[in-house]
Structures are given as structure tokens and as C-alpha cells.
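Have a look at the structure below before the remarks.
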Amino acid sequence: MESSDHNAELVDEHRSQLIQRVTMVMPIADELLAEGMIHKEMYSNISAARTDEDKMRELFKALHSGGNKVKSTFLSILRENEPNLVQDLEFHIKQGDQQENKSTISLKYKEFIRGEYATVQEYNSLPGEHVKLDDRYTEPLIIQKHRLLREREEEIRSRGQNFHQVMDQRDSETYKSTKVERLFDPDEHGDIQRTVILQGHSGTGKSFTSQKIMSDWAFGRLYEDRFDFVFHLRCKELNQATGRKSLMDLLDYDQSSSSMIKQVLHQSPERVLFLVDGFDELKFSLDVPKDSLPRDPWTQCSPEVTLSGLIRKQILHESFLLVTTRSTALVKLIGVVKHPVRYAEILGFSEEGVKVYFEKFFKQKQHSQQAYNSVRENETLFTACFIPVICWIICTVYREQFDEGTEMIQSLETTTSIFVEFVATLLKHHCQDLGQSALTILQGLGKLAEQGMEEQQVLFHHDSVSQTVSDPSKVPFLCMFL
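Numbering (the UniProt record's numbering), first residue to last: 1 to 482.
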């Protein structure tokens, strides 16, 4: 049985609605008088009032003078006389509580995400070392136009100022240049695509952009009005999943929030974004028969079947999906994703982006300017900086030189010299207990590089590396790029 205090609180909180909506005022007043809950004088004032609203105002005066017991009795009598009205009030109270719980869970989840994504570990970070994401992330150049083969060849062959001009052309309406915050905006036909594919070559910043999306959403800087929850699924981690898993099992969240998140997925899937990062890294196939796919986020299947159900929109088809992948796996992804989709491609940094990255990377403005000017004068190095991971390598080498106080800046004039210095730094600081000599490792990599030059190959499969470098997973600076 509900307590008098609870019933009285409900009556007080909904005073205005009760005044406007109660129609059986006198029958309720009759019962209150019969039970000795109100005095005859108050009853007379209620009876003398002309309208139902005026009668309710007089009745509320009597209720307030009688205290919580009288208010509780009034609610019981009202429930008998106007049950639909009371049910409606209680329903809205329940809805309000659920909304409050949802907001609380969302805030708690955002706090968790902020802690997870506010900092990043760089490729050469030692245990415990990290940098703030905002101190590294630089907005990439993103386009939505599929380019012809000749246009791609133009980008690869261009150097220096010619390359800058080519990239300036890409950053235009002609190539449908866009930004992360506009990926889910209506297209030229006014349609909003619920699936977005964000592709790009290795090292162009896809995963870094995924981390930035998570962080900015959690801090209220991105998609705040569009999504109540954003979940990050890393394909590299999904490869390690074993046994039968539901989508709920694959998500990363505080388990104490499980019931509320289930409710959100069930009631408001259109307010949820799933960010599937690194599709190209999946070691299993998503080519699963449609009738084998789960239809809800709590049915447990093998990880590949569950993920296939999400990407093919058999699970939560009203939710939104953002999938990042290397360009080499685009055809494979197109074969399983549910259409229609929005296509976007990260090209790397713009010319302005390279400058911004240098300014963020170096703590001292003098070092930033010196390194940037040095690279800017060398068209080969500067062109290479448009690839974010290469830009990071170049900045790292310059920083090492500044930190050691050496006068080697002038010797860093070619891509080769940069990579030699980078490898030397990693071997010196990050490659203890290799299990084999550095010379043996470098000789093996030299053979691999020679093979790549002969076959015009710049990316290598893990198996190819293993043929020249035994157990590459034990080579710290190498395994980061595999």
C-alpha cells in the first residue's frame, strides 16, 4: 500500500492539473465530509463555488489544512471516481522517472567515455606515457566524391606546390568536401543516410578520427542533439572475442547500466550511433546467411554473426552506423553493408592541417616554426607530411633532435634520413629484449623493402613480414604498424 506521504506528494505536484481536470468534485467532497476529513464550513465553500475549477481551488484549501492524511484519502477517492485521470498522472510520473534515469545513465556513460578517450598513447609511448587527444588531433580533409583513376594517379605523382594545388582542388564543393560533424546531415536530396562508410588509406587518421568522435560526443561538442549514446566497436578487439556474444555483450559500458541501456536500445534506437572502427582488420568473414542473423541486440550468436547482423541492419535497423575501413577492404564492406549508404574518404591533412599539426605537436613555438620551415623547404618531406602518420614520424624525429640538443636538423633533408633517424631512435629507446640483434632485424626488413621496390609494393601482409623477421610481434616499433 502506498504511503500517505507519497500520495500527498503526488497531489501537491499535480495541483494545477487536478484543478483543471477533476470533474467529480462534489461527490469527492461528499465522501471527505462523511469520513470527517473536512469541516462543514469548508464543504459549504466548495459547494458555493460556481465552476469545477473554483470548487477544486476551495477543496485544495481544505486538503492543505488537513495535511498528508487528508490528501492521501482524497487521492484514494479520486482513483475510485476518476480512475483514468489518476492512471494518466501516474503514467507521466513513471515516464518522467525513466527519462531522469536515462539522463543519469547517459551522463554516467559520457563520464566513462571521457576518461577512456581524453588521452592517447603514441606508437612509441613507454608504459604510462600518454598525450591529450586534443593536443594531437588535427582535422583531416574528407571528401564524398569517388575519384577517377587518373585523379588518384595525379595525387600520387604530384610533389611540392603541384601537390598542394591538387589537394586544394579536393577541398572544394566539386569533390563534396565535408567535415565529421556533417556526416549525418541530409544529402542533396534531403535524405539522411543511417549508414556512413569512412574509408582511407593506411595512416590517414581513420582510427584517430574515431577516437575524436567518441571524445567530442562525450564532452558535448559533437552530435549532442542527435545521439543519446555512441558505442565504439574496435574490430581488432572483436577478433579476440570467443564463444556466443550478443550485441549487448560486445558493447563497452558500465555493467550497472545494463538494464537502462537495454531499454534505450529497445525504445530509442534512432538515438544511438554504433562506430565500427577498422573493418579491414577483421579476421573473420561476415558473409553469413540472412536467416542465421539475430534480430535483436540480446540474442547470443558467434561474434561474426552478431557483427554481421549489426552492419547489415538486421539488428536495430533504425540506429545509425559509422564504419571505418582501409580502402583495400572497401569492396568487401560494400558487399555486406545494407544500402543506401553515405560514402566519405579521409585523404589526410590539408596544407593548413600540416601547419596546425606542427603547432600542436611541439611545446615550444620556436621549435614548431624551425621544424615546419625546415620541412616546408623540402618538397618531398612536406608532401609526405600530408599523411598523418608520416607527419607524426617526422615531428617525432625533429623533437628528439631538439630534446638532445644536437645539430643534426640540416641532415634531415630526405624521407630516407627521417626514417633512418626514426628507426635509430626506436631501437635506442623502445627495443630492449628483442630476442635477436637489431642488425638481423634490419637486414630482414631491408630484404622486404627490396622486394617491395621490385614488385612496386608498399604495403605488406603480416605473413610476408614473418618470412623475413621472425616473430615480428616482439619487435615493438614494428608491430605497431602491422
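Glycine is no exception: its CB is placed at the ideal position from the N, C-alpha and C atoms.
Predicted, not measured: the structure shown is a model, and the values here were computed from it.
Neighbour-count burial assignment, residue i, 16 or more Cβ in a 10 Å radius
i, result
"Gly278", "buried"
"Asn7", "buried"
"Arg194", "buried"
"Asp185", "exposed"
"Trp298", "exposed"
"Glu188", "exposed"
"Gly405", "exposed"
"Glu111", "exposed"
"Asp225", "exposed"
"Arg136", "buried"
"Thr440", "exposed"
"Gly205", "buried"
"Ala58", "Inspection of the sequence shows that residue 58 is occupied by Glu rather than by Ala. So Glu58 counts as buried."
"Phe331", "As written in the sequence, residue 331 is Val, which differs from the Phe given in the question. Per the 10 Å Cβ criterion, exposed."
"Thr73", "buried"
"Asp191", "exposed"
Residue closest to residue i, alpha-carbon to alpha-carbon, out of the options
i, options, result
"Cys235", "Val70, Ile418, Phe274, His14", "Phe274"
"Phe208", "Tyr117, Asp296, Gln165", "Tyr117"
"Phe349", "Leu321, Lys176, Thr138, Pro27", "Thr138"
"Leu333", "Val196, Pro289, Leu442", "Val196"
"Val288", "Ser65, Val276, Arg295, Glu304", "Glu304"
"Lys145", "Gly200, Glu129, Ser259, Leu222", "Gly200"
"Phe284", "Leu233, Leu307, Pro269", "Leu307"
"Phe419", "Lys447, Gln443, Leu381, Val341", "Leu381"
"Gly335", "Leu286, Asp403, Glu351", "Leu286"
"Ser259", "Leu222, Thr104, Ser47", "Thr104"
"His367", "Asp403, His14, Val389, Ser72", "Asp403"
"Leu75", "Glu35, Gln314, Phe227, Ile28", "Ile28"
"His339", "Glu351, Glu352, Phe320, Val356", "Phe320"
"Leu133", "Asn45, Leu149, Gly115", "Gly115"
"Ile38", "Lys313, Leu10, Glu153, Leu63", "Leu63"
"Gln314", "Val331, Arg79, Val337", "Val337"
"Val276", "His232, Glu151, Ser417, Leu149", "His232"
"Thr328", "Ile192, Leu198, Glu421", "Leu198"
"Asp216", "Gly190, Leu78, Glu181", "Glu181"
"Ile390", "Asp5, Arg147, Thr416", "Thr416"
"Asn239", "Val272, Pro140, Leu282, Gln267", "Leu282"
Coarse secondary structure for residue i, derived from DSSP in three states
i, result
"Arg326", "strand"
"Gln263", "helix"
"Tyr343", "strand"
"Val288", "coil"
"Leu18", "helix"
"Gly200", "strand"
"Leu282", "coil"
"His39", "coil"
"Cys385", "coil"
"His367", "helix"
"Thr138", "coil"
"His64", "helix"
"Thr23", "coil"
"Lys132", "strand"
"Arg194", "coil"
"Glu100", "Annotation note: pLDDT 49 at Glu100 (below 50); position unreliable, coordinate value reported separately. Helix, per DSSP."
"Val230", "strand"
"Asp52", "helix"
"Leu148", "coil"
"Lys355", "helix"
Residue i versus residue j: straight-line alpha-carbon distance, rounded
i, j, result
"Ile142", "Val354", "15 Å"
"Gly203", "Pro294", "34 Å"
"Asp291", "Ile346", "35 Å"
"Glu41", "Ser65", "13 Å"
"Ser317", "Leu310", "It should be noted that the sequence gives His, not Ser, for residue 317. Distance between the alpha carbons of His317 and Leu310 is about 8 Å."
"Met453", "Ser302", "41 Å"
"Ala384", "Pro269", "42 Å"
"Asp212", "Ile113", "Looking at the sequence shown, residue 212 is not Asp but Lys. Approximately 11 Å, taken between the alpha carbons."
"Val423", "Ser374", "20 Å"
"Gln401", "Glu129", "19 Å"
"Asn45", "Lys55", "8 Å"
"Leu33", "Glu90", "26 Å"
"His14", "Gln263", "27 Å"
"Phe219", "Ala241", "29 Å"
"Val356", "Tyr372", "10 Å"
"Lys61", "Gln267", "41 Å"
"Glu100", "Thr119", "Reliability fails at Glu100, whose pLDDT of 49 lies under 50, so the model's placement of it is uncertain and the value that follows must be treated cautiously. Their Cα atoms are separated by approximately 30 Å."
"Tyr343", "Leu148", "15 Å"
Residue-level contact to chain C via CB, residue i, 8 Å cutoff
i, result
"Gln300", "Absent from the structure is chain C; it holds one protein chain and no more."
Q.
Can you confirm whether the stretch 159-178 touches the stretch 308-326 when touching is taken to mean that 3 or more C-beta pairs between the two stretches lie within less than 8 Å?
A. With a cut-off of 8 Å, the stretch 159-178 and the stretch 308-326 do not count as touching, because too few Cβ pairs lie within range.
Q.
Tell me whether the stretch 9-21 and the stretch 70-85 touch, counting them as touching only if at least three CB pairs, one residue from each stretch, are closer than 8 Å.
A. Yes, they touch.
Q: Evaluate contact between the stretch 362-376 and the stretch 385-395, counting only Cβ atoms and requiring at least three cross-stretch pairs below 8 Å.
A: Using a Cβ-Cβ distance cut-off of 8 Å, the stretch 362-376 and the stretch 385-395 are in contact, since at least three pairs of beta carbons, one from each stretch, lie closer than that value.
Q. Just checking, does the stretch 242-255 make contact with the stretch 164-172 on the three C-beta pairs under 8 Å criterion?
A. Of all C-beta pairs linking the stretch 242-255 to the stretch 164-172, fewer than three are shorter than 8 Å, placing the two stretches out of contact.
(Q) Quick check: the stretch 441-451 against the stretch 463-470, are at least 3 beta-carbon pairs closer than 8 Å? (A) At 8 Å Cβ cutoff, the stretches touch.
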